[in-house]
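**Student:** Every letter in the sequence shown is one number past the one before it in my numbering, and letter 157, counting from 1, is 165.
For each residue, glycine too, the CB sits at the ideal point set by N, CA and C.
Below: one structure in structure tokens.
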Amino acid sequence: MSQLLSKSRNTLEMLRYPIDMQEDFELMTQFTKLTDLRLLIMNMNTDGFHRFKFQNLVQLQLNIYTDVDIASVISGISRNQRLKALYLRLEIWPPEQSVDMSIISDNCKELEFVALYQFDSFKSCLESLSNLPKLEYLELAGCRTLTDEKMAVFVNDSQSLRGLAVYHSSGELNDSLQSMKAKANSNESKYFFARIPISRHLLHGSPKNLK
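What follows is the structure in structure tokens.
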């Protein structure tokens with residue numbers, strides 16, 4: 009990382025890198041032109057996220073396979089206010105009271121794409137994400153406690169949502185599909201899609217612009 013930094017500190021725009029040392033994480037924050045950052049984090053403490061800010065970052069992918077303080081991670085993400093795409097994977101999400109997504113929705117107003125993996129759904133998190141004014145696509149996986157009612161409310165409250173994907177849900181999301189159908193019917197000029205578990209008979213009668 010130090011060699012790459014010495015050569016490309018002010019020119020590198022895309023970085024894909026495995027982080028297994030705290031020193032690498034600290035050096036990484038010195039790249040000034042990054043717009044696309046994709047990290048596989050295997051070993052680090054949370055201190056690095058206190059300096060996690062890039063002036064021009066629009067796409068961020070974090071695959072975290074070590075114990076971290078989720079509050080510090082979310083706080084670090086929220087400092088990157090130009091973000092348009094966020095992919096966050098944690099091996100284990102902490103209890104709901106430890107997760108405050110409102111920090112992201114309050115500071116990252118440009119977000120259009122959010123993917124959360126191994127996300128054991130939290131009602132307050134969905135409420136916060138629905139406040140993102142430009143969010144068009146949400147992808148969730150590992151949602152074993154997600155209810156159809158919560159998801160349908162999110163769909164209704166997310167003004168710009170056009171795409172929804174939910175994997176590993178414990179039940180069908182039939183009301184959520186009906187909410188997506190209503191969105192598609194109200195805006196026939198745009199394309200909508202849903203990748204969610206539903207009853208087969210609900211596939212019939214979908215608007216042509218909903219796939």
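In this structure, how does DSSP classify I78 when only helix, strand and coil are distinguished?
**Tutor:** Your numbering for residue 78 matches position 70 in the sequence shown. It is helical.
**Student:** The alpha helix (DSSP H) with D114 in it runs from where to where?
**Tutor:** For this step, residue 114 is matched to residue 106 along the sequence shown. In the DSSP annotation of this structure, the continuous segment of the alpha helix (DSSP H) that includes D114 starts and ends at 110-115.
**Student:** Buried or exposed: K158, going by 16 or more other Cβ atoms within 10 Å of its Cβ?
**Tutor:** If you number the sequence shown from 1, residue 158 lands on position 150. Label assigned to K158: buried.
**Student:** On the three-pair Cβ rule with 8 Å, is the stretch 197-209 touching the stretch 169-178?
**Tutor:** Below 8 Å, enough C-beta pairs join the stretch 197-209 and the stretch 169-178 to call them touching: three or more.
**Student:** Based on the DSSP secondary-structure assignment, which residues constitute the bridge partners of R46?
**Tutor:** Looking up residue 46 in the sequence shown gives position 38. Per DSSP, R24, Q69.
**Student:** According to DSSP, which residues form a beta bridge with R97?
**Tutor:** Start at 1 with the first residue of the sequence shown, and residue 97 comes out as number 89. Paired residues: N71, Y125.
**Student:** Is the separation between the beta-carbon of L23 and that of L35 shorter than 8 Å?
**Tutor:** As a working mapping, residue 23 is identified with position 15 in the sequence shown. As a working mapping, residue 35 is identified with position 27 in the sequence shown. Against a cut-off of 8 Å, the Cβ pair of L35 and L23 comes out as no contact.
**Student:** Going by beta-carbon coordinates alone, are M9 and D28 separated by less than 8 Å?
**Tutor:** In the sequence shown, the residue the question calls residue 9 occupies position 1. In the sequence shown, the residue the question calls residue 28 occupies position 20. Contact: no.
**Student:** Cα-Cα, which of M188, C133, K15 is closest to P102?
**Tutor:** The residue labelled residue 102 in the question sits at position 94 within the sequence shown. Nearest option by C-alpha distance: C133.
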